[in-house]
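Numbering-wise, the sequence shown is residues 1 to 555 according to my numbering.
For every residue, glycine included, the Cβ atom is placed at its ideal position computed from N, Cα and C.
Below is one structure; the comments refer to it alone.
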Amino acid sequence: MRSQGIALVATLALMALIALLVFGTFFRTQIELWVTRNDTTSVQAFYAAEAGLQKYKAVLFQQYVWREQQGQTGGGAGCFTSLVTGLDLDRDGTPTPFVNNQLTLVTNEPVVDAEGRPIGSYTVTLFRDQDDGQLFTLVSRGTSGGARATVQATFRISNSDYLEQAIFAGAGQANKWLNGGATIRGGIYVVGSPNDPDQYVIEANGNFALYNWYDLTTYAEVTNRVEPSYQRAQDLCASLRVQYGKISVGGSTQIGEPNNKVKGVFVGRGGQDITGNNVDVCQNNKGVCTEAMGAFDLANPPSFPELDQKLDSEACQGYSTWRACLQAKAALRIQRVGNVVSLVSPPGLSLPSCLSALTSGTLTLGTKTIDCTFTRPDGSQGGFRYTYSGGQGLLEVYGDVVLEGLDLVLNKPTEYKASGPGGRKSATLAVLAYGGTGGNIDLNGNLLPQTAHGLFPEHVLGLVAEKNVYQQGQYVMAPIYAGGMFRVVKKNVLFGSVISNTFCTTSAGNETKCDAAGQAAEVVYIRIPQANRPVLLPSLKGGKPVFQVLSYERR
């Protein structure tokens with residue numbers, strides 16, 4: 001009996017041990033299954049969040065491109081992107097606005113596997129920076145089987161079109177003479193030469209400064225000619241881009257400031273193409289105060305606009321070249337061949353006194369009246385008229401005007417009055433070469449908008465010169481294109497923007513070269529909304545959108 005009792009106890013103990021082993025194995029298997037399931041759902045939640053981020057990153061970029069193609073409006077003087085007003089995902093003309101700087105793009109949108117079975121969902125919210133109009137953060141929250149994951153990315157969304165810069169330069173070689181103390185308030189874009197990537201397109205060894213702000217109260221003589229909302233800007237979203245070439249930073253150069261950095265400095269092949277070191281600020285970053293620095297960053301950059309190439313702008317996309325567009329769309333087109341000046345368009349018009357004033361090959365705006373206006377069939381005016389009284393000239397431009405084979409010289413302080421179709425207060429005055437002559441503009445006096453007609457940049461006269469523009473007048477307020485060189489004399493200021501193959505400052509009047517750098521010449525970028533821009537100035541339909549991913553984070 002005693003042995004049987006021991007056997008029973010041993011058997012029961014063995015059975016209990018086996019049960020414990022079985023239960024342990026089962027429990028461990030269940031834990032592994034739970035962990036695997038949790039890992040699976042966590043991974044699925046992450047990929048759901050990632051799917052939402054990637055989809056709406058593409059939607060955001062497509063929305064921006066579409067909005068730019070529609071023509072951005074508003075925005076004021078500062079850092080601006082057309083998306084700051086909201087998103088129009090349905091493209092019905094009614095954007096959904098941000099509320100407290102955020103906008104929910106989608107809620108619980110399902111994610112399915114390859115066989116169409118739901119595996120999770122995501123909610124995506126877009127946040128805009130309250131101070132920087134180009135900065136957005138996309139946050140995607142994914143869920144799957146109770147698991148949650150969040151991914152987010154921050155983007156800078158901008159446009160690298162011609163008139164979005166203080167200076168858009170082509171070859172850029174002459175830009176090395178900015179070392180003489182020029183101040184540029186706004187972005188600089190230099191294409192450079194692909195055949196000479198080792199050239200220095202900016203060699204800033206003096207007091208050169210590139211700032212991200214302006215305040216027109218420091219220019220008392222012109223402040224009242226600018227719309228109040230454009231009289232100051234603390235953030236211009238300024239960047240420095242050089243596609244081919246190098247920059248040198250030295251002396252007392254300032255590119256950005258420690259408390260107001262430029263958005264980016266992207267030069268050639270990167271750090272190796274940024275040489276020198278500023279002695280005062282941001283020394284740990286080669287003297288460059290910037291939020292980002294590296295190699296040239298645009299995959300499909302804009303080229304320098306040339307008259308004999310196609311300009312894919314809204315106004316000129318149907319023409320083989322920009323020149324052909326200017327010639328066809330001009331309200332008044334005058335051409336000089338040899339010593340003969342003729343009126344090309346409108347046909348059948350006779351303006352003998354106007355044409356006789358141009359026989360010398362130079363349209364000189366001084367003390368004499370020159371009337372080249374006419375009346376259209378609808379009763380509106382076309383052409384241009386210049387009058388002078390009391391030490392002040394007035395240049396009235398009605399519609400776009402093209403002068404071929406002629407130079408333009410402005411010798412007196414002048415106000416302009418620009419009028420275009422549909423009540424627009426903008427027009428283009430183009431001076432083109434023909435037969436080897438003409439195509440230059442000399443601005444020897446101030447050129448400013450007439451305030452009675454409108455304030456800048458609501459009221460704008462665009463200037464186009466096939467060859468060179470020389471600014472010797474103290475103040476010019478206009479967007480300018482120079483197919484050759486734009487030169488500005490010391491202590492003079494251009495308000496607007498410059499598109500020029502080369503840009504330089506000169507130390508005194510009548511300089512013909514850029515080897516004597518000017519002191520304290522300035523370009524102050526005042527952004528012209530697309531709705532106000534002279535339609536025949538260089539532009540690209542929809543611009544050149546830039547979508548930079550600044551950061552990515554997984555939570």
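Check: Coarse secondary structure for Thr41, derived from DSSP in three states; Outcome: helix
Check: Distance CB(Gly348)-CB(Ala233) smaller than 7 angstroms; Outcome: no
Check: Whether Ile441 touches Ala465 by CB criterion (7 angstroms); Outcome: yes
Check: Cβ contact check for the stretch 127-134 and the stretch 231-247: 3 or more pairs under 8 angstroms; Outcome: yes
Check: Nearest-angstrom Cα separation, counted from Asn468 out to Val249; Outcome: 28 angstroms
Check: Uninterrupted beta strand (DSSP E) stretches inside the stretch 342-428 (no shorter than 3 residues); Outcome: 362-365, 370-375, 381-389, 392-398, 401-404, 407-410 and 414-419
Check: Segments assigned beta strand (DSSP E), at least 3 residues, entirely inside the stretch 168-242; Outcome: 183-185, 188-190, 200-204, 209-211 and 239-242
Check: C-beta atoms of Phe503 and Ile167 nearer than 7 angstroms; Outcome: yes
Check: Outcome for Glu68 when other beta-carbon atoms lying within 10 angstroms are tallied against a minimum of 16; Outcome: buried
Check: Residue environment, Ala357, which counts as buried when at least 16 other CB atoms sit within 10 Å; Outcome: buried
Check: Nearest-angstrom Cα separation, counted from Gly71 out to Gly445; Outcome: 34 angstroms
Check: Terminal residues of the beta strand (DSSP E) in which Lys246 lies; Outcome: Lys246 to Val249
Check: Outcome for Glu164 when other beta-carbon atoms lying within 10 angstroms are tallied against a minimum of 16; Outcome: buried
Check: Cβ neighbours of Thr387 in the same chain (closer than 6 angstroms, five flanking residues each side left out); Outcome: Thr369 and Leu394
Check: C-alpha gap between Lys541 and Ala521, whole angstroms; Outcome: 32 angstroms
Check: Residues near Gly122 in its chain [Cβ-Cβ closer than 7 angstroms; skip 5 each side]; Outcome: A small fix is needed here, since residue 122 is Tyr in this sequence, not Gly. If we look at Tyr122 and ignore the five residues flanking it on each side, its Cβ neighbours are Ala48, Ala49, Ala51, Gly52, Glu109, Val111, Ser140, Arg141 and Gly142.
Check: Nearest-angstrom beta carbon gap, Tyr475 and Val226 [assumed within contact, 8 angstroms]; Outcome: Rounded, the Cβ-Cβ distance is 11 angstroms, inconsistent with contact.
Check: Unbroken beta strand (DSSP E) run spanning Leu463, endpoints; Outcome: Val460 to Ala465
Check: Length of the line joining the Cα atoms of Ser443 and Gly473; Outcome: Residue identity differs from the one stated: residue 443 is Leu in this sequence, not Ser. Taking the straight line from one Cα to the other gives about 6 angstroms.
Check: Nonlocal neighbours in the same chain, by C-beta distance under 8 angstroms from Val65, ignoring five residues either side; Outcome: Gly542 and Pro545
Check: Buried/exposed call for Arg128, threshold 16 Cβ in 10 Å; Outcome: buried
Check: Per-residue burial, Leu8 [other beta carbons within 10 Å of its own, 16 or more giving buried]; Outcome: exposed
Check: Cutoff 8 angstroms; reference Trp34; Cβ partners in own chain excluding five residues on either side; Outcome: Summary for Trp34: the model assigns pLDDT 47, below 50, so the residue's position carries little reliability, and this model does not support an answer.
Check: Nearest to Asp378 (by Cα), restricted to the options Gly422, Val344, Leu355 and Thr414; Outcome: Gly422
Check: Close-in-space but distant-in-sequence residues of the same chain around Ser144 (CB under 7 angstroms, 5 per side omitted); Outcome: Thr41, Gln44, Ala45, Ala48, Ile119 and Gly120
Check: Between the CA atoms of Lys412 and Ser345 - distance to the nearest angstrom; Outcome: 28 angstroms
Check: Buried/exposed call for Pro258, threshold 16 Cβ in 10 Å; Outcome: exposed
Check: Inter-residue Cα distance where the pair is Pro449 and Val124; Outcome: 47 angstroms
Check: Helix, strand or coil at Ile528 according to DSSP, with G and I counted as helix; Outcome: coil
Check: Which of helix, strand or coil DSSP assigns to Tyr122; Outcome: strand
Check: Option nearest Ile184 by Cα separation, candidates Tyr214, Tyr162 and Ala171; Outcome: Tyr214
Check: Leu461 versus Thr367, Ser539, Asn532 and Pro352, residue with shortest Cα-Cα distance; Outcome: Asn532
Check: Short Cβ contact (7 angstroms threshold) for Tyr230 with Ile499; Outcome: no
Check: Selected residue, minimal CA-CA separation from Tyr398, among Gly390, Glu404 and Gly382; Outcome: Gly382
Check: Cα-Cα separation between Leu216 and Asn224, rounded to whole angstroms; Outcome: 9 angstroms
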